[in-house]
Every structure is written in structure tokens, then in C-alpha cells.
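A.B. asks:
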Amino acid sequence: MDQSERAPVRNYRHARMISLPKHGLDSRKSWLVALLCGLVHLFCSLSMAAMGSMFTGFLIDFSSEREKASWPVTSITCSMQIVSPLFSILVHLGARHEWILRICTFTVSAALVLSYFAKTIVFITILMAIHGSSLAGIFMSANVLMARHFQRQRAAATGMQETIAGVSVFFMPALMDNFIRRFRTVRSISLLGVITFASFIFSLCITPFNEQETQDSFRNGTQEDTEHVEFPKEISSTVYATETSKDASEISQNASSAVDSNNLLTDQPVVRDEPKPFSWRTFTNLRYFFDVFSFLVVFECFATFLQLTADYSNDREVPEGAIYLVPIFGIGDMMFKLGSGFLSDAKIASPPTLMLAGSVIQCFSFVLLSYSSTMVGLSFSAFLMGTSNGCRIILFIIVLINDFGLDNLSHTFSFANFLIGIATLLKPFLVGYFRDRLGEYLGLFLLLATLNAVVAFYWAVRVIEAYRNKRITLT
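Reminder that position 59 of the sequence shown reads as 214 in the numbering used here, one-by-one numbering, no gaps.
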């Protein structure tokens with residue numbers, strides 16, 4: 156191919172690199188919303204990143220029994236998930252997601268600040284439950300608001316949002332440990348509440364998706380934007396002919412039609428989200444049960460690792476692990492949150508494949524964690540734990556959307572969290588049984604490894620099923 160033939164190709168590739176549109180799906184505004192949702196998640200999840208330090212603080216200040224000291228930190232995750240259906244009902248009754256987000260970001264901070272007055276383990280548990288309940292509204296509304304701004308790049312946006320939230324694991328364990336040594340546990344939690352108030356400020360900047368704005372942007376901006384792009388003559392004529400042949404009423408019908416027209420310029424196909432009508436039978440669907448069970452294991456392994464890392468490091472006589480293991484976990488978590496989102500959007504790896512890989516890795520990492528007694532072994536298992544968590548945790552929303560539709564996300568997401576929250580109530584008893592009665596966490600970690608093996612088997616079946624369906628379609 157000579158230079159004259161290569162020039163149109165280079166110009167066309169340059170044309171495909173047009174900057175994102177200002178408004179509409181997958182636009183600059185969409186990514187700004189994803190960034191703001193990530194910052195809200197970051198400041199709201201500071202308490203979860205500090206659970207290990209808080210757990211050891213409760214052991215010192217309130218109780219020497221792990222079971223009792225587990226209740227305040229468990230109540231954060233438990234209430235967060237159990238209360239989720241309430242917010243789904245509020246949305247069904249007409250509550251707007253942006254207002255739920257703003258009220259909950261204020262409450263999540265206030266509950267932590269009021270911990271200053273806590274004198275008993277019961278009082279601090281109640282406040283942590285209020286804090287966790289507010290987190291439920293934040294995570295549901297922020298996820299829905301963000302998801303409605305995206306179509307093709309939803310997994311990547313979710314990955315970016317979760318990655319921003321995951322930054323807290325790099326500094327919160329050391330920061331909270333320092334706070335507790337200086338101010339004791341309840342005062343440290345109160346100070347954390349003041350910092351968390353930043354989430355309320357960011358929530359004020361998040362707006363819902365505006366379809367009318369997208370239509371106006373298309374009518375006024377598409378022709379102006381295309382004037383600055385030099386296409387090869389044959390490509391320009393094709394685009395012009397295609398655009399002028401479209402009926403104007405069809406173009407202005409909805410936001411999706413505007414996106415389709417813009418995609419003529421970028422040569423990127425759009426796969427629409429077909430609406431799937433909601434039915435209460437969804438909750439008795441076997442696939443829904445296994446989807447929920449899969450993410451129950453993901454979230455419980457995540458919360459258990461964050462809670463017990465400091466105490467387990469002390470048991471293994473590796474005290475520096477209390478500070479460094481969670482950041483090491485965060486490195487693997489952040490890398491694979493970003494990576495799995497882009498792999499999913501680029502169709503390089505499907506969500507079932509990523510779920511299978513993550514479950515196998517986490518099964519191995521819990522076995523390794525159970526028998527490690529050095530900083531090197533603990534660090535390697537923590538990194539593997541982070542990679543397995545990162546490549547799966549962002550897929551919760553994606554899996555529910557793919558299996559049951561975007562319009563049903565509020566219902567499926569909330570009820571799934573409710574079931575996960577009920578199961579979470581068992582964790583303090585398990586921690587107390589294995590550590591207080593049996594004297595070590597070995598049995599608990601091996602139990603979590605077994606649950607990951609069960610989840611891996613389910614997703615292996617899904618991967619094989621998808622492969623067979625693809626072969627049948629091709630033939």
C-alpha cells in the first residue's frame with residue numbers, strides 16, 4: 156500500500172478519535188458523573204477501609220471477645236444490605252435518586268460524628284447500623300445515576316468509580332490506627348465522620364441523565380462538530396448521504412437515536428439495552444439465586460479480610476501486617492477493577508469468565524492465607540485477595556443488568572443486598588466460634604475458600620453454556 160492509499164486510512168482513524176460529546180450517553184458529562192460518584196463512594200467507604208483498626212479498637216475499649224467486638228463493624232455491612240429494599244420501595248413510590256443520595260450522604264456522616272457520645276458496645280452498634288443503612292441508599296442511587304449515563308462503556312465507568320473508592324485502603328488503616336492511639340476509638344470514629352461530610356458536598360453536584368438535553372445537543376451540535384473532521388472523500392460522501400436520508404422525527408425520537416447518529420462518525424456499533432419487564436418471579440429464579448450467592452461470597456470475603464487483617468497479623472506475630480496488608484490488597488484490587496471493566500467492555504473477557512477466574516484465585520488465596528506465617532506469604536495472599544476482589548466486585552451491577560435488565564436494577568440490586576445482609580448476621584458468631592472457642596481463624600478461612608470453590612463451579616457452568624450457545628449460533 157503506497158502513501159496515497161494510506162493517507163485516507165490515517166485520516167479516518169484520526170476521525171474516529173473525535174473527542175467525546177458534551178452531553179448524552181457515554182459523554183464528557185457522563186464521565187464527570189462517574190468521577191463524582193466515585194468521590195462520593197470514596198469518602199463514604201472510609202469506615203469500611205478502617206474496619207480492621209476499628210475492630211481492634213473495640214477489642215481494647217469495649218470487649219475482649221471477638222464475637223462482641225465484631226458487632227459494630229458487622230452492623231455497617233449488614234444494615235447496609237438489609238435496608239436496601241426500603242430504598243427500592245421509596246424509588247417505586249416516586250423518590251428521586253439524587254435526593255436519596257443527598258440525604259443519605261448527610262446521614263452517613265452524622266451517625267459517625269454522634270459516635271463521640273457512645274459509652275457502650277450496644278450504642279456504637281446502633282450508630283454503625285444507621286451509618287450502614289445510609290450507605291445502602293448511597294450505593295444504590297449513585298450506581299443507578301451513574302449507570303443511566305452510560306451504554307457502551309458502563310463496565311469501564313463502574314470500574315473507574317470503584318477504583319476511586321478503593322483508594323481509601325491505601326491510607327485509612329494507618330490513619331485510623333494513628334487516630335485510635337491518640338484519641339481512642341469513639342473519638343476517632345467521630346473525627347472520621349467530619350471527613351466523611353465531603354461526600355455530601357460532592358453529592359450536590361450529581362444530576363440525573365437528561366434525555367431532552369441530549370436531543371438538543373444532537374440537533375445543535377452534531378453538524379458543527381462534523382465540520383472540523385476531515386474524512387476521505389468517499390467516506391464523507393457516505394456519511395453525508397446516510398445522515399441526510401434519516402427522517403428528522405426519527406432522529407429526535409429519543410436519546411438513543413442521537414447516539415446512533417453520532418456512532419456513524421465513530422464506526423462503533425451500539426447494543427441497546429432491551430427492556431426486560433419486571434416480575435416478582437425474578438426473585439425465585441434459580442439464576443438470580445446463584446448470582447446473589449456469588450456476590451454474597453465476594454462481599455463477605457472482602458469484609459472479612461478487611462475486618463480481621465490486623466487481628467490475624469497479631470496472631471501470626473507479624474504486627475506490621477496490620478498496616479501494610481490492606482494497602483497491598485488495595486494495589487491488586489485497584490489494578491483489576493480498572494482492568495476487568497475495560498476487558499468486559501472490549502469483549503475480551505465476558506463477565507462469567509472474570510467471575511470464574513476471580514473465584515479460583517480467591518479460593519487459592521484463602522488457602523495460602525490460612526497457612527502463611529511470614530510477611531512475604533501474607534503479602535502475596537493479600538495481593539491475590541485484592542486481584543480476585545477487584546475483577547469481580549464491579550461486575551455485581553453488570554451481571555444483574557445483563558441477566559434481568561437495567562430498568563429492574565433498583566429491585567434486583569436492593570433485594571440481592573437484603574439477602575446478603577441477612578446472611579451477614581452469621582459473621583460475628585462465626586468469628587466468635589473459630590477465634591474465641593477454637594483459638595484460630597484457620598477454619599473460617601478454609602470455609603471461605605470452599606464457598607469460593609462452589610461459586611467457581613457455578614460460573615464455569617455459565618462459561619461453558621455461553622460457549623455452546625455461541626457455537627450453535629455460528630453454525
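Ideal Cβ positions, reconstructed from N, Cα and C, are used throughout, including at glycine.
Is it buried or exposed, V616, if we count other Cβ atoms within 10 angstroms and call 16 or more buried?
C.D. replies: The residue is exposed, with fewer than 16 neighbouring Cβ atoms inside 10 Å.
A.B. asks: Where S182 and S296 are concerned, what is the direct C-alpha to C-alpha distance, given to the nearest angstrom?
C.D. replies: About 20 Å.
A.B. asks: Could you compute how far the alpha carbon of Q316 sits from the alpha carbon of K492?
C.D. replies: Approximately 9 Å, taken between the alpha carbons.
A.B. asks: From the DSSP output, in three-state form, read off F352 for me.
C.D. replies: Note: F352 maps to coil in three-state DSSP.
A.B. asks: Closer than 8 Å by C-beta to R623: which residues in its own chain qualify, once you throw out the five before and the five after it? Chain order, please.
C.D. replies: Nothing meets the Cβ criterion.
A.B. asks: For S520 versus S536, is the C-beta spacing smaller than 8 Å?
C.D. replies: Taking 8 Å as the Cβ cut-off, S520 and S536 qualify as a contacting pair.
A.B. asks: In chain order, what residues of the same chain lie with their CB nearer than 8 Å to the CB of L593, ignoring the 5 residues before and after it?
C.D. replies: Contacts found: none.
A.B. asks: Closer than 7 Å by C-beta to A504: which residues in its own chain qualify, once you throw out the five before and the five after it? Chain order, please.
C.D. replies: Same-chain partners within the cutoff: L498.
A.B. asks: Alpha carbon to alpha carbon, what distance is there between Q308 and A501?
C.D. replies: Looking at the two C-alpha atoms, the distance is approximately 9 Å.
A.B. asks: Mind pulling the alpha helix (DSSP H) runs of 4 or more residues that sit fully within the stretch 436–500?
C.D. replies: With a minimum length of 4 residues, the continuous alpha helix (DSSP H) runs that stay inside the stretch 436–500 are 441–470 and 476–500.
A.B. asks: Who are the near neighbours of L201 in its chain, counting only those whose CB is closer than 7 Å to its CB and skipping five residues on each side?
C.D. replies: For L201, where only same-chain residues beyond five positions count, the Cβ hits under 7 Å are S323, M327, L347, I350 and T351.
A.B. asks: Quick check: the stretch 214–225 against the stretch 567–586, are at least 3 beta-carbon pairs closer than 8 Å?
C.D. replies: Judged by Cβ distances under 8 Å, the stretch 567–586 makes contact with the stretch 214–225, as three or more pairs qualify.
A.B. asks: Taking the alpha-carbon of I285 as reference, which of W614, V268, D562 and C546 has the nearest alpha-carbon?
C.D. replies: Nearest C-alpha to I285: V268.
A.B. asks: Between the alpha carbons of S569 and S543, how many angstroms are there, rounded?
C.D. replies: So the alpha carbons of these two residues sit roughly 24 Å apart.
A.B. asks: Exposed or buried, which one is T529 when buried takes at least 16 other CB atoms within 10 Å?
C.D. replies: So T529 ends up on the exposed side.
A.B. asks: Going straight from the alpha carbon of G476 to that of L629, what length do you get?
C.D. replies: Looking at the two C-alpha atoms, the distance is approximately 52 Å.
A.B. asks: Could you check which residue in K184, L597, L511 and V522 has the C-alpha nearest to that of R547?
C.D. replies: Closest by alpha carbon: L511.
A.B. asks: For a quick check, are the C-beta atoms of S230 and T262 less than 8 Å apart?
C.D. replies: Not closer than 8 Å, so no.
A.B. asks: How about F242: is its Cβ closer than 7 Å to a heavy atom in the ligand ATP?
C.D. replies: Because no ligand of any kind appears in the structure shown, any question about the ligand ATP cannot be addressed here.
A.B. asks: For H247, is the classification buried or exposed, using 16 other Cβ atoms within 10 angstroms of its Cβ as the cut-off for buried?
C.D. replies: Label assigned to H247: exposed.
A.B. asks: Assess contact between the stretch 595–612 and the stretch 480–494, defined as three or more Cβ pairs (one per stretch) separated by less than 8 Å. Is contact present?
C.D. replies: These segments do not touch.
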